[in-house]
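Here this note's numbering is used: the first residue of the sequence shown is 3, the next is one more, and so on. Even for Gly, the Cβ is constructed at its ideal location relative to N, Cα and C.
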Amino acid sequence: MAKKYITTAIPYMNGDPHIGHAIDYCLGDVCARYYTLRGNEVRLQAGTDEHGNKIFNKAKEVGVSVQEFVDEKTETFKNFIEKLGVSYTDFVRTTDPEHMKRVQEIWKKLEKHIYRAKYQGWYCTGCERFITDKEYEENGGICPDHNKSYERLEEENYYFRISDFKDRILEAITSGEMKILPDFREKEIIKLLKESPDVSVSRPISQLTWGVPIPGDESQVTYVWIDALSNYLTVLGYPDEDISEWWPAAAQFVGKDILRFHAIIWPAMLLGLGLPLPKTIVSHGMILADGQKMSKSVGNVINPIEVVEKYGLDAFRYYFLRHIDTFSDSNFTWQRFSDAYNNELANDLGNLVQRLSTLAMKNNISIEETEYEFTKEYNELMEKFYFSKALDYVWVRIQELNKRIDAEKPWSLAKNGETEKLQKCLKNLISDLLANAKMLEPFLPASSEKIFEIFRGSITSPETPLFPKG
Ligand code: MSP
């Protein structure tokens, strides 16, 4: 079976984890669990992006050394990832000496596409991005994502010749060699790629000290995105180790705000290194709170751990993977969350398990161990990364099962002494429930396991409801 390498964006260590970070992890994790269940050998990377002025300044503001600051933030993020049940296999910090050494080697390999020139223009520290004059004008000098004025820069930098790779990247996108999802984002990238200038890939040390030094030029430090994007390779051991078993990645999950880096600079770097391009870049939307961008100053930031502690991990995963659309921006409201919890998890699924286990126990049903296969429709949705649609699909089947119990009335069969018919009816219903539980496994691993425990061998009743009413 093929090996699959799946990656998630590495968050900046300038703040605490929030719901937006959770989305990357949930998507990557579902994908990893799905392919593991299909029999693939899977590696799921996670990590932390620790360089740059944004982080450096934050540490100064708090009054601790930068190293201390990022060490502490990384611990917080690691705990967060654990709490979300993320099945990552590899973790990378951009301040790892090994990673930094490898970034320098990557730089050396790219040198023939790099030249020195003067940069005069704008920069956004929030995005860690050089801004074109056109964008500056369009946005009135203020970054719409960070609500901060762009900074004016005049400095000598190294540039990466994106123009060397534009045609090849375009061809890879249009031929499907490197798929960008969703399609409407792919179209945006094609347009952006055509207009894309060469990018500045270093900053003078006078402007940025907290970063990877450029090999052979102590006056310059690597631009954070070159350092950060390299993580996907350095964590596999590149360039010291042969990574051909794992690279190209099967899927790279990123938010729409950072798609341009992953769909333009990143492929250019890979081509410059002579490496194949990722098979798919999956770009997810943003989560809004009550229709607004989440921000500390508005006070509408949703803390994912609060949701997990209140409702349980599977309920969190369920909501964010089904009701937050995989590709477009979605809104979070506590009302919608609690409606989904009560109506769908507690009523549709929880009651179904309760009803069937009670009926099965009363009537001495036992279930043989069988392997449940994923359906074709489910596989198609999962392979296309339509995770929210795959959950919709399973849910229709769960609701149909509830209706079937009502229609087939096993309690009447029992009352009329139709034992054989009753056995068959309950066995069929349970087996269909278990087939659905199997398809829920990548999404709700603990609940799926609990359902299998209840219906394995001689059936037991769940000690506590699967989803207690909240
Ligand atoms: N450090 C860079 C990524 C480097 S990857 C080589 C970065 N960090 S971030 O902390 O700003 O964002 C990390 C991930 O969280 C990104 O995929 C981003 O899109 C995602 N989200 C941050 N806020 C979000 C929402 N409100 N909603 C959904 N995801 C968003 O960018």
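Subject >> A439 versus F376 - alpha carbon distance >> reply: Their backbone Cα atoms lie some 10 Å apart in a straight line.
**OP:** Confirm, please, whether the CB-CB distance from R319 to C28 is below 8 Å.
**Re:** Yes, the Cβ-Cβ distance between C28 and R319 is below 8 Å.
Original post:
Just checking my contact of P217 with V223 at CB under 8 Å: how many whole Å lie between their CB atoms?
Top reply: At roughly 11 Å, the Cβ-Cβ gap does not stay under 8 Å, so P217 and V223 are not in contact.
Original post:
Is it right to say S450 is buried, meaning 16 or more other beta carbons lie within 10 angstroms of its own, or is it exposed?
Top reply: Its Cβ being crowded by 16 or more others within 10 Å, S450 is buried.
Original post:
How many angstroms separate the CA atom of I171 from the CA atom of N149?
Top reply: Rounded to whole angstroms, I171 to N149 spans 32 Å at the Cα level.
**OP:** Spatial neighbours of Q356 within its chain, please: CB distance less than 6 Å, with the 5 preceding and 5 following residues excluded, ordered by chain position.
**Re:** Spatial neighbours of Q356 in its own chain (CB-CB distance under 6 Å, excluding positions within 5 residues in sequence) are not present.
Original post:
Heavy atom of the ligand ZN less than 7 Å from the Cβ of N305, yes or no?
Top reply: For the ligand ZN, the structure offers nothing, since it holds only the ligand MSP.
Original post:
Rounded C-beta distance between A251 and I8? I'm assuming under 8 Å.
Top reply: Between I8 and A251 the Cβ distance is about 7 Å, and since that is below 8 Å, they are a contact.
Subject >> Burial state of W268, where buried means 16 or more other Cβ atoms lie within 10 Å >> reply: Only buried fits W268, as 16 or more other CB atoms lie within 10 angstroms of its CB.
Subject >> Separation of Y374 from Y36, as counted between CA atoms >> reply: Here the C-alpha atom of Y36 lies approximately 14 Å from the C-alpha atom of Y374.
**OP:** Please indicate yes or no: does the CB of H23 lie closer than 7 Å to some heavy atom of the ligand MSP?
**Re:** Yes, the beta carbon of H23 sits closer than 7 Å to at least one heavy atom of the ligand MSP.
Subject >> Any non-hydrogen atom of the ligand MSP closer than 7 Å to D259 Cβ >> reply: Checking the Cβ of D259 against the ligand MSP gives yes.
Original post:
DSSP puts H286 in a beta bridge; with which residues?
Top reply: Paired residues: G257.
Subject >> Rounded straight-line distance, which links the Cα of K6 to that of S204 >> reply: Computed Cα separation, rounded: 32 Å.
Subject >> Backbone secondary structure at A291 - three-state DSSP >> reply: DSSP, read as helix, strand or coil, puts A291 in strand.
**OP:** Please state whether DSSP places W124 in a helix, a strand or coil.
**Re:** Note: W124 maps to strand in three-state DSSP.
**OP:** Spell out a yes or no on whether the region 158-170 and the region 234-253 are touching, meaning 3 or more CB-CB pairs, one atom from each, closer than 8 Å.
**Re:** Flag = no, the region 158-170 and the region 234-253 do not touch.
Subject >> Rounded separation between D331 and F387 - CA only >> reply: Rounded to whole angstroms, D331 to F387 spans 16 Å at the Cα level.
**OP:** Select from T127, M363, L315, E74 the residue whose C-alpha is nearest the C-alpha of K429.
**Re:** When each option's Cα is compared against that of K429, the closest is M363.
**OP:** Can you have a look at Y225 and say buried or exposed, based on whether 16 or more other CB atoms are within 10 angstroms of its CB?
**Re:** Label assigned to Y225: buried.
Subject >> Proximal residues to P99 (C-beta, below 7 Å), its chain only, five neighbours per side dropped >> reply: Excluding sequence neighbours, P99 sits near nothing in its chain.
Subject >> Any 3 or more C-beta pairs closer than 8 Å across the region 281-291 and the region 180-188 >> reply: Taking a cut-off of 8 Å on C-beta distances, the region 281-291 touches the region 180-188, as three or more cross pairs fall below it.
Original post:
Measuring from the CB of D26, is there a heavy atom of the ligand MSP at a distance below 7 Å?
Top reply: Yes, since a heavy atom of the ligand MSP falls inside the 7 Å radius drawn around the Cβ of D26.
**OP:** Kindly indicate which three-state DSSP category I367 falls into: helix, strand or coil?
**Re:** Note: I367 maps to coil in three-state DSSP.
**OP:** Report whether the distance from the Cβ of L275 to the nearest heavy atom of the ligand MSP is below 7 Å.
**Re:** It does not: the Cβ of L275 is nowhere closer than 7 Å to a heavy atom of the ligand MSP.
**OP:** Could you check what DSSP says for A231 in three-state terms: helix, strand or coil?
**Re:** Ala is not the amino acid found at residue 231; the sequence shown has Leu there. In the structure shown, L231 falls within a helical segment according to DSSP collapsed to helix, strand and coil.
Subject >> Closest residue to T76 among D51, S89, N59 (Cα-Cα distance) >> reply: It is D51 whose Cα lies nearest to the Cα of T76.
**OP:** Whole angstroms is fine: what's the gap from Y395's alpha carbon to E140's?
**Re:** C-alpha separation (whole angstroms): 42 Å.
Original post:
Cα separation between L468 and K60?
Top reply: Approximately 43 Å, taken between the alpha carbons.
Subject >> W124 to E190 span [Cα, whole Å] >> reply: Between W124 and E190, the C-alpha separation is close to 22 Å.
Subject >> Inter-stretch contact (C-beta, 8 Å, three-pair minimum) for the region 63-78 and the region 105-124 >> reply: Too few Cβ pairs lie closer than 8 Å, so no.
**OP:** Please name the residue or residues paired with D219 in a DSSP beta bridge.
**Re:** According to DSSP, D219 bridges with I216.
**OP:** Find the nearest neighbour of K85 within the set G419, K411, V310, judged by alpha-carbon distance.
**Re:** Looking at the Cα atoms, V310 is the closest of the given residues.
Subject >> S340 - containing alpha helix (DSSP H), residue span >> reply: For S340, the enclosing alpha helix (DSSP H) starts and ends at 336-341.
**OP:** For the alpha helix (DSSP H) containing D147, list its first residue and its last residue.
**Re:** Counting along the chain, no alpha helix (DSSP H) covers D147, and no H or E run does either.
Original post:
Thinking C-alpha only, which one of A24, I207, Q69 is nearest A48?
Top reply: Of A24, I207, Q69, the residue nearest in Cα terms is A24.
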